[in-house]
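> The structure under discussion is supplied below as C-alpha cells; questions concerning it will follow.
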Amino acid sequence: MAGLVRRHGMWVAAFAVMLVLPWIFQTGFAITMLNQIGVLIVFSLAYNMLLGQGGMLSFGHALYFGIAGYFTAHFLNGVGEDWLPYFPVTLLPIFGGLIGLFFGIGIGFVSTRRAGTVFAMISLGFAEMATALTLILVVFFNGEEGIQTDRMVGPEPLGITFGPDIHVYYLISFWCLVATAAMYVLTRTPFGRMSNAVRDNPERVEFVGYSTHRIRWLAFALSSFFAGLAGALHALNFEHVGFETIGLEQSGLALFMVWIGGARNFVGPILGAILITYLNSNLSDITDAWYLYLGILFMVIVMFTQGGLSGLVFMHEPIWKTDYRLFGRMMAPYALGIGSTIIAAIGVIGMFEMIYFLSTRVTEETIAVLYWMEVDAASALPWIACAAITAPGVAACRRTYPPMANSYNEAIAAVKGRMAP
Amino acid sequence: MEVLVFSIFNGLLYGMLLFMLASGLTLIFSLMGVLNFAHASFFMLGAYFAYQISGFIGFWPGLVFAPLIVGVIGAAVERYGLRPVHKFGHVAELLFTFGLAFVIEEVVQMIWGKVPVPYDIPETMNVAAFTWRGLDYSAYRLFMLGASVAIFLALFVFIAKTRTGLIIQAALTHPNIVSSLGHDVGKIFMWTFGFGCALAGVAGVIGGNVLGTEPSMAITLGPIVFVVIVIGGLGSLWGALIAALFIGIMDNLSISYDLSLYPVLALFGVEREVEGIMQDLVNLTTAGLAPVLPYLFLVLMLILRPRGLFGTRDV
Chain L
1 MAGLVRRHGM
11 WVAAFAVMLV
21 LPWIFQTGFA
31 ITMLNQIGVL
41 IVFSLAYNML
51 LGQGGMLSFG
61 HALYFGIAGY
71 FTAHFLNGVG
81 EDWLPYFPVT
91 LLPIFGGLIG
101 LFFGIGIGFV
111 STRRAGTVFA
121 MISLGFAEMA
131 TALTLILVVF
141 FNGEEGIQTD
151 RMVGPEPLGI
161 TFGPDIHVYY
171 LISFWCLVAT
181 AAMYVLTRTP
191 FGRMSNAVRD
201 NPERVEFVGY
211 STHRIRWLAF
221 ALSSFFAGLA
231 GALHALNFEH
241 VGFETIGLEQ
251 SGLALFMVWI
261 GGARNFVGPI
271 LGAILITYLN
281 SNLSDITDAW
291 YLYLGILFMV
301 IVMFTQGGLS
311 GLVFMHEPIW
321 KTDYRLFGRM
331 MAPYALGIGS
341 TIIAAIGVIG
351 MFEMIYFLST
361 RVTEETIAVL
371 YWMEVDAASA
381 LPWIACAAIT
391 APGVAACRRT
401 YPPMANSYNE
411 AIAAVKGRMA
421 P
Chain X
1001 MEVLVFSIFN
1011 GLLYGMLLFM
1021 LASGLTLIFS
1031 LMGVLNFAHA
1041 SFFMLGAYFA
1051 YQISGFIGFW
1061 PGLVFAPLIV
1071 GVIGAAVERY
1081 GLRPVHKFGH
1091 VAELLFTFGL
1101 AFVIEEVVQM
1111 IWGKVPVPYD
1121 IPETMNVAAF
1131 TWRGLDYSAY
1141 RLFMLGASVA
1151 IFLALFVFIA
1161 KTRTGLIIQA
1171 ALTHPNIVSS
1181 LGHDVGKIFM
1191 WTFGFGCALA
1201 GVAGVIGGNV
1211 LGTEPSMAIT
1221 LGPIVFVVIV
1231 IGGLGSLWGA
1241 LIAALFIGIM
1251 DNLSISYDLS
1261 LYPVLALFGV
1271 EREVEGIMQD
1281 LVNLTTAGLA
1291 PVLPYLFLVL
1301 MLILRPRGLF
1311 GTRDV
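Protein chains in written order, with this note's numbering: chain L, 1 to 421; chain X, 1001 to 1315.
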C-alpha cells in the first residue's frame, strides 16, 4: 500500500487538488477559468504527443479539437430534439475522441509520411481548408456564428444535471485526469519510446526495421483522439462551438502553451496551459498588448531555450537531488539576473503600454494609467522615465547573465565531481 | 467573353503578386531550409510603410523606400534572430518565424490600429486605362501588372547573369563548397533573406492598396503563398511562377463564373430540395469553393507528387 502511494503519489495528489480546488476558488469566474484550464490541459498534452514526443510540428491540430466539438454539439442537439437515441453526457468525451480519431486516421495517413517542415505545411493546408469549409458548409458549421447547444439533456442520475458550472467542472477534471494518465502511460509503452526514437533519429529507426510512417501515423491518430476528447469537453463547457476552434488561432494557442511550458517533458504542456490560460483571463482585461507580450515571450523562449519554462526548472534537478546547499552560491547571481530582467521588462512594458494607449484611444484624452499612476502619455516625461528604467535594466542584464550562467555551470560541475568515485 | 478576358487578366495580376511573395520565399527556403512563416508579414509591413510614406511624400518615394526598409528589417531578423536559432534545427527556426508573424501582427495593430488604414491608389493612376465592351480597366492595375512583370524579369536576370546570382545558385545546392571557396555564406544568407523580404515588401506596396491594408492581410495571404511554392516545387522560380499564375487565374475564374455544383450531384440522383446536411452540398458553388481549392491542390500535390511541378527534390 505504501509502495503504491509512493509510486502513484503524484496522481493521488492531483486527484486531491482537483477535488479541493472549487472549494478554494468559489467565484464563477474562477470555476469558468478552471474548466477552461482543464480542457486546454488535455488539448496541449495531445498536441505535445505530436510536437514534443513525436517531433511533428503541426499548425492544424485544432482541426480535430474543433470538428469533435461540432459533432458533440450536433449530437447533444440531436438527443435534445429526440432524433438521436440518448447517450450519457458523461461519456460524450469518448464520442468526441472517436470523432477525432476517425479524422486523425484519415488525414494522418497522408500527412505523416514526412516530419519537419513538410508535415507542418500539410497540417497548415488542412487547417486552412477546414477553416474555409466552415464558411461554406453552412448547415453543419453555421458560419461565423457556430453551433449552440444545451448540455442538459436526458435523465439526471444522482441530481447531476450539468446545469451549474460546478457539475461541468467535475466532469472536465475527471476526464482531464483520465486523459492525462492515459497519455502518460502511453509515453511509457514501447510505442511511446519508438515515437521518441522517430523524433530523434528516423533513419536509424528505419534501419532497425520499423516504419517511421506507421509510428508517426499511430502517434497522430492517438493524439487526434485526445484532441477530440478535449474538443468535446470544450463543447460541453461553453455549450457553443465556433469556427475559431478549428483554425490556426487555436492550434497556435496550443503551440504557445506547449512550447512556453516546455515540450521536452510531460508536465511542460500542463504548466503552459495553466499559466497561459490564467494570464489570458486576467491580463487581457488589463492590457490590450497582452498578445504582444505572449508573442515576445514565445520568441524569447524559442531563441534561448529548447525546454521551455519547465525545462529551466528541471535543469536544476541534479543540483537539488545531489545537495540543495549548492543553491546557496547561486542565490545572489540568480537574484541579480532575474532582478535586472524585471527592471528592463518594466521599462519596455511601460513604453508598449503608452504606444498602445495613444494608438487605440478614441478620444483626445492623453492621460493614461500606467503602473497605478496617471501619466500624460503625450508628454515627454513618462517616456524619459521608461527609457531611464529600460537602459540600465538592459545594461544590467548584460552584466548579470554571465555570472548567472557561471554559477549554474559551477554547481553542475560540483555535482559531477561528487558523482565521480 | 469579356468576363473571361477580364478574369484572366485579374488572375494574372493576382498571380504575379503571389509570385513576388513566393519567389522570395522559395529562394529563402532552398538556400537556408527555413520556411519563413512570417514572409507574408513582411508583405504587410511593406503595405503599411508605403501607406505611411505616401502620406508624407507621395506614392512613388514609398515604392522605393518601403521595400528598402522592409529588406533591412528582414536582414536584421536573419542576422540577430534566426541565426542564433539555427543551431536548434529547422523546426525551431519555423517556430521562430511563426512567433515573429504573430508579433508583427500585434505590433502593426499597436501602431496602426485594428481597422484597415486608408491606403489608396495614387490619384494620377485612379483612371480607366482603357474601356473595352463597356468595362473599364483601371490604369493602376495595368501599372501593377507592368511593375510585377518588370520585377520578375529583373529577378531572372539577377539570378542567372550576375555574379551574386550565380553564388546564390551555387549556395542553393552546395553551401559547403561555396563556403570553402571563400564566400561568406552567412552574409549570403542574410542578404538573400533581406532581398526576399524586400520583394515581399514591393508586393505589399503595389498590392496593399488594391487588396486592402489591414492587420489580417498577412494571415490571409501567407498560407496561399506556401501552397504556391509547394505546388511549383521548392526552390524552383519557374515552378513558383506557373503555380502562382495558375492559382491566381483559377481563383478569379471560379469567382466570376460562380457555377453551381448541383448538376454534378444530379448525376448521382440527388434531389434539388433536400433537408439537412445534404443541403450544403446542393448549394455549393465554385465561388464558395474558391478559398478551398488552393489547399485541395496542395494536399493532392503532396500526395501524388511531393516534389511539386518543377522541383528537383522531394519537399
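Every residue gets a Cβ at the ideal spot worked out from N, C-alpha and C, and that includes glycine.
#1: Is T117/L closer than 9 angstroms to H1039/X when the C-beta atoms are compared?
#2: Please return the same chain residues whose Cβ sits closer than 6 angstroms to the Cβ of G1222/X, not counting the five positions on each side in sequence.
#3: Rounded to whole angstroms, what is the Cα-Cα separation between G192/L and L1237/X?
#4: Distance, Cα to Cα, R399/L vs A345/L?
#5: Report yes if the CB atom of L1018/X is closer than 9 angstroms to the CB atom of G1196/X, and no otherwise.
#6: With respect to the beta strand (DSSP E) encompassing P368/L, which residues constitute its N-terminal and C-terminal limits?
#7: Excluding five sequence neighbours on each side, which residues of the same chain lie with their C-beta closer than 7 angstroms to the C-beta of L1175/X?
#8: Looking at the C-beta of I136/L, does it have a partner C-beta in chain X at a distance below 9 angstroms?
#9: Check distances from the C-beta atoms of the stretch 1105-1131 of chain X to those of chain L and list, in chain order, the residues that come in under 9 angstroms.
#10: Less than 8 angstroms between C-beta atoms, sequence neighbours within five positions excluded: which residues of the same chain meet that for V1225/X?
#11: With 9 angstroms set as the bound, which would you pick, yes or no: does the beta-carbon of P1084/X sit closer than that to a beta-carbon of chain L?
#12: In chain order, what residues of the same chain have a beta carbon less than 6 angstroms from the beta carbon of G108/L, not counting five sequence neighbours either side?
#13: At a Cβ threshold of 9 angstroms, is T72/L touching chain X?
#14: Tell me whether V1315/X sits in a helix, a strand or coil according to DSSP, three-state version.
#15: In the DSSP assignment, find the unbroken beta strand (DSSP E) run with M373/L in it and report its ends.
#16: Name the chain L residues that come within less than 7 angstroms of V1230/X, Cβ to Cβ?
#17: Contact check, V89/L vs F207/L under 8 angstroms by CB: the rounded distance?
#18: Going along chain L, which residues have a C-beta under 9 angstroms from Q1169/X?
#19: Does I1303/X get closer than 9 angstroms to chain L when you measure Cβ to Cβ?
#20: Taking buried to mean at least 16 other C-beta atoms within 10 Å of its own C-beta, is F1189/X buried or exposed?
#21: Quick check for students: name the residue ranges of the alpha helix (DSSP H) that lie wholly in the stretch 114-181 of chain L, counting only runs of 4 or more.
#22: Classify V1315/X as buried or exposed, calling it buried when 16 or more other Cβ atoms lie within 10 Å of its own Cβ.
#23: Comparing alpha-carbon positions, which option in S340/L, Y184/L, A16/L and P403/L lies nearest N52/L?
#24: By the DSSP assignment, the alpha helix (DSSP H) with D82/L in it spans what residues?
#25: Using a Cβ-Cβ distance cut-off of 9 angstroms, determine whether G1074/X contacts chain L.
#26: Check each residue of the stretch 351-373 of chain L: if its Cβ is closer than 8 angstroms to any Cβ of chain X, include it; give the result in chain order.
#27: Closer than 8 angstroms is the cut-off here; do at least three beta carbon pairs connect the stretch 133-148 of chain L with the stretch 241-251 of chain L?
#28: So E249/L is in the alpha helix (DSSP H); what residue range does that whole segment cover?
#29: P1118/X lies in the alpha helix (DSSP H); which residues open and close that run?
#30: Check whether the stretch 58-76 of chain L touches the stretch 118-127 of chain L, taking contact to mean three or more Cβ pairs, one atom from each stretch, closer than 8 angstroms.
#31: Using a Cβ-Cβ cutoff of less than 6 angstroms, which residues in the same chain neighbour T277/L once the five nearest sequence positions on both sides are dropped?
#32: So the candidates are G1204/X, L1245/X, M1110/X and L1302/X; which of them puts its Cα closest to the Cα of F1009/X?
#33: In chain X, which residues lie with their C-beta within 8 angstroms of the C-beta of M303/L?
#34: What is the DSSP secondary structure of V1127/X, counted as helix, strand or coil?
#35: Tell me whether S504/L sits in a helix, a strand or coil according to DSSP, three-state version.
#36: Ends of the alpha helix (DSSP H) at I409/L?
From the atom records:
#1: Position 39 of the second sequence, counting from 1, holds the residue named residue 1039/X. Position 117 of the first sequence, counting from 1, holds the residue named residue 117/L. No; because the gap between Cβ atoms is not below 9 angstroms, this pair is not in contact.
#2: For this step, residue 1222/X is matched to residue 222 along the second sequence. Closer than 6 angstroms at Cβ, skipping near neighbours: A1040.
#3: Numbered from 1 along the first sequence, position 192 holds the residue referred to as residue 192/L. Numbered from 1 along the second sequence, position 237 holds the residue referred to as residue 1237/X. About 41 angstroms.
#4: Position 399 of the first sequence, counting from 1, holds the residue named residue 399/L. Position 345 of the first sequence, counting from 1, holds the residue named residue 345/L. Going from the Cα of R399/L to the Cα of A345/L covers about 16 angstroms.
#5: As a working note, residue 1018/X is residue 18 in the second sequence. As a working note, residue 1196/X is residue 196 in the second sequence. With a cutoff of 9 angstroms on beta-carbon distance, L1018/X and G1196/X are scored as not near each other.
#6: Taking the first sequence and counting its residues from 1, one reaches residue 368/L at position 368. Residue 368/L is actually Ala in this sequence, not Pro. In the DSSP assignment, A368/L falls within the beta strand (DSSP E) that extends over I367 to L370.
#7: What you label residue 1175/X is simply residue 175 of the second sequence in a count that begins at 1. Correcting the residue type first, residue 1175/X is Pro in the shown sequence and not Leu. Closer than 7 angstroms at Cβ, skipping near neighbours: V1185.
#8: Reading the first sequence from its first residue, position 136 is the one you call residue 136/L. Taking a beta-carbon distance threshold of 9 angstroms, I136/L counts as an interface residue toward chain X.
#9: So the close ones are E1105, E1106, V1107, Q1109, M1110, I1111, W1112, G1113 and K1114.
#10: For the purposes of this step, residue 1225/X is taken as residue 225 along the second sequence, with counting starting at 1. Answer for V1225/X: L1018, L1021, A1022, L1025, H1039 and A1040, listed in chain order.
#11: The sequence position of residue 1084/X within the second sequence is 84, counting from 1. Cβ-Cβ to chain L under 9 angstroms: yes for P1084/X.
#12: Mapped onto the first sequence, residue 108/L falls at position 108. These residues qualify, in order along the chain: W217, F220 and A221.
#13: Sequence index remark: in the first sequence, residue 72/L carries index 72 (1-based). No, no contact with chain X.
#14: As a working mapping, residue 1315/X is identified with position 315 in the second sequence. Caution is warranted here: a pLDDT of 48 is assigned to V1315/X, below 50, making its placement in the model unreliable, and no coordinate value can be reported.
#15: Here residue 373/L is taken as the residue at index 373 of the first sequence, counted from 1. Run containing M373/L: M373 to D376, per the beta strand (DSSP E) assignment.
#16: Taking the second sequence and counting its residues from 1, one reaches residue 1230/X at position 230. Going along chain L in sequence order, the residues near V1230/X (Cβ under 7 angstroms) are M121.
#17: As a working mapping, residue 89/L is identified with position 89 in the first sequence. As a working mapping, residue 207/L is identified with position 207 in the first sequence. About 49 angstroms separates the beta carbons of V89/L and F207/L, which is beyond the 8 angstroms limit, so they are not a contact pair.
#18: Mapped onto the second sequence, residue 1169/X falls at position 169. Within 9 angstroms Cβ-Cβ: nothing; Q1169/X doesn't reach chain L, min ~21 angstroms.
#19: Your numbering for residue 1303/X matches position 303 in the second sequence. Chain L, which has a Cβ nearer than 9 angstroms to the Cβ of I1303/X, makes this yes.
#20: Here residue 1189/X refers to the residue found at position 189 when the second sequence is read from its first residue. So F1189/X ends up on the buried side.
#21: Fully contained in the stretch 114-181 of chain L are the following alpha helix (DSSP H) runs of length 4 or more, in chain order: 116-136 and 138-141.
#22: For the purposes of this step, residue 1315/X is taken as residue 315 along the second sequence, with counting starting at 1. Because V1315/X sits at a pLDDT of 48, beneath the cut-off of 50, its placement in the model cannot be relied upon, and the following sentence gives the value as read from the coordinates. V1315/X sits buried, since 16 or more C-beta atoms from the chains shown fall within 10 Å of its C-beta.
#23: Sequence index remark: in the first sequence, residue 52/L carries index 52 (1-based). Residue identity differs from the one stated: residue 52/L is Gly in this sequence, not Asn. Checked all of S340/L, Y184/L, A16/L and P403/L; the closest Cα to G52/L is Y184/L.
#24: Indexing the first sequence from 1 puts residue 82/L at position 82. Following the DSSP letters along the chain, one finds D82/L in no alpha helix (DSSP H), marked with neither H nor E.
#25: Taking the first residue of the second sequence as position 1, residue 1074/X is located at position 74. Proximity of G1074/X to chain L, defined by a Cβ-Cβ separation below 9 angstroms, is not satisfied.
#26: Under the 8 angstroms Cβ criterion, the stretch 351-373 of chain L contributes F352, I355, Y356, S359 and T360.
#27: The stretch 133-148 of chain L is in contact with the stretch 241-251 of chain L.
#28: Locating residue 249/L in the first sequence gives position 249, where the first residue counts as 1. Element bounds for E249/L: L248 to G261.
#29: In the second sequence, counting from the first residue as 1, residue 1118/X sits at position 118. It is not in any alpha helix (DSSP H) - P1118/X carries neither H nor E in the DSSP assignment.
#30: The stretch 58-76 of chain L makes contact with the stretch 118-127 of chain L: 3 or more CB pairs, one atom from each, lie closer than 8 angstroms.
#31: To locate residue 277/L, count along the first sequence from 1; it is residue 277. Within the same chain, T277/L has close Cβ partners Q36, I37 and L40.
#32: Counting from one through the second sequence, the residue named residue 1009/X turns up at place 9. Among G1204/X, L1245/X, M1110/X and L1302/X, the Cα nearest to that of F1009/X is on L1245/X.
#33: Counting from one through the first sequence, the residue named residue 303/L turns up at place 303. Result: G1081, P1084, V1085 and F1096.
#34: For the purposes of this step, residue 1127/X is taken as the residue at position 127 of the second sequence. Residue state, collapsed to three classes: coil.
#35: Outside the shown range of chain L (1 to 421) lies residue 504/L, about which nothing can therefore be said.
#36: Here residue 409/L corresponds to residue number 409 of the first sequence, with the count starting at 1. Reading the sequence as shown, one finds Asn at residue 409/L and not Ile. Run containing N409/L: A380 to M419, per the alpha helix (DSSP H) assignment.
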